[in-house]
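Novice: Chains as they are written, first to last, in my numbering: chain A, 1 to 113; chain B, 1 to 110.
Using N, Cα and C, we set each Cβ at its ideal position, and we do this for glycine too.
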Amino acid sequence: KAGVTQTPRYLIKTRGQQVTLSCSPISGHRSVSWYQQTPGQGLQFLFEYFSETQRNKGNFPGRFSGRQFSNSRSEMNVSTLELGDSALYLCASSSGQNYNEQFFGPGTRLTVL
Amino acid sequence: TQLLEQSPQFLSIQEGENLTVYCNSSSVFSSLQWYRQEPGEGPVLLVTVVTGGEVKKLKRLTFQFGDARKDSSLHITAAQPGDTGLYLCAGEGGGNKLTFGTGTQLKVEL
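(1) Run the CB neighbour count on residue 92 of chain B, radius 10 Å, all protein chains shown included, and call it buried at 16 or more, exposed below.
(2) Within its chain, find whatever has a CB closer than 8 Å to the CB of residue 11 of chain A; leave out the 5 residues flanking it on each side and keep chain order.
(3) Which chain B residues are close to residue 45 of chain A, counting only those with a beta carbon under 8 Å from its beta carbon?
(4) Assess, as a yes-or-no matter, whether the segment 49–57 of chain B is touched by the segment 1–12 of chain B under the definition of 3 or more beta carbon pairs within less than 8 Å.
(5) List, in order along the chain, the chain B residues whose C-beta lies closer than 7 Å to that of residue 55 of chain A?
(6) Report the residue ranges of all beta strand (DSSP E) runs contained in full by the segment 4–29 of chain A; include only those spanning at least 3 residues, in chain order.
(7) Do residue 74 of chain A and residue 66 of chain A have their C-beta atoms within less than 8 Å of each other?
(8) For a quick check, are the C-beta atoms of residue 110 of chain B and residue 84 of chain B less than 8 Å apart?
(9) When you compare the CB of residue 48 of chain B with every CB in chain A, is at least one pair closer than 8 Å?
(10) How about residue 93 of chain A and residue 4 of chain A: do their beta carbons lie closer than 8 Å?
(11) Closest to residue 19 of chain B by C-alpha separation, out of B/95, B/97, B/61 and B/94, would be which residue?
(12) Which residues in the same chain as residue 77 of chain A place their Cβ atom closer than 6 Å to its Cβ, once the five residues preceding and following it in sequence are excluded?
(13) With 8 Å set as the bound, which would you pick, yes or no: does the beta-carbon of residue 68 of chain A sit closer than that to a beta-carbon of chain B?
(14) So, is the C-beta of residue 16 of chain B closer than 8 Å to a C-beta in chain A?
(15) Mind checking which residues open and close the beta strand (DSSP E) that includes residue 49 of chain A?
(16) Please state the DSSP three-state secondary structure of residue 71 of chain B.
(17) At a CB distance below 9 Å, what residues from the segment 85–104 of chain A approach chain B? Give them in sequence order.
(18) Among B/49, B/48, B/97 and B/108, which one has its Cα closest to the Cα of residue 80 of chain B?
(19) Can you name the residues of chain A whose CB is closer than 7 Å to the CB of residue 88 of chain B?
(20) Since residue 72 of chain B meets chain A, which of its residues come closer than 9 Å, beta carbon to beta carbon?
(21) Per DSSP, residue 18 of chain B is paired with what?
(22) If you drop the 5 nearest sequence neighbours on each side, which residues of the same chain put their C-beta closer than 6 Å to that of residue 43 of chain B?
(23) Show which residues of chain A have a CB atom less than 9 Å away from the CB atom of residue 27 of chain B.
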């Protein structure tokens, strides 16, 4: 079974721009979660999508949004980028069973200049 | 807001030593997971503990869930350089939402 894939792996943007990150979950997984990881704040939950609906949301501003398609693939968008948005963005998929065990992709490293 | 505090934050030891990482909260979790993350990769699930007092072993790694399901520990016996990485605990408190701990960066040197 193929793992979770994320594209692109690396991205450099400037302040004020917007960015879209993509995630393909493990086949059969209907839940996709997004996390932001920084050295100072650790791993923070952004949101979770299940069957194309946002099921959970973390404490991030509205500039962070996401969506899920009918094939369970998900995208995350960040508008009006700020320097503090520089981070590793991780996507994880879950079957929705088995205690919500997360299977992570390798992440997208976003640098905002 | 549920918080999970891990200690120590950093740990540097020699190969062959034993170590314990702690994951503590004031909240009760229905289950708790441990992950290991290596540089440039996403976290990888090591184990899930569900029952208070539960102990699970994975080769040289021993995981324990506290009786009250508020805390957990990870003990590594005879650490090896391959154990180097960021160890994260994550608790599920309901609503399919995971709370991740602050992380423990482990370095095992030859």
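Specialist: In this structure, then:
(1) buried
(2) 19, 21, 108, 109, 110 and 111
(3) 97, 98, 99 and 100
(4) no
(5) 96
(6) 5–7, 10–13 and 19–24
(7) yes
(8) no
(9) yes
(10) yes
(11) B/61
(12) 20 and 65
(13) no
(14) no
(15) 42–50
(16) strand
(17) 88, 90, 91, 92, 94, 96, 98, 99, 100, 101, 102, 103 and 104
(18) B/108
(19) 43
(20) Per Cβ cutoff of 9 Å: no residues; residue 72 of chain B is ~13 Å from chain A at best.
(21) Residue 18 of chain B pairs with nothing; no bridge assigned.
(22) 35, 37 and 88
(23) Those do not exist, as residue 27 of chain B stays about 15 Å from chain A at its closest Cβ, beyond 9 Å.
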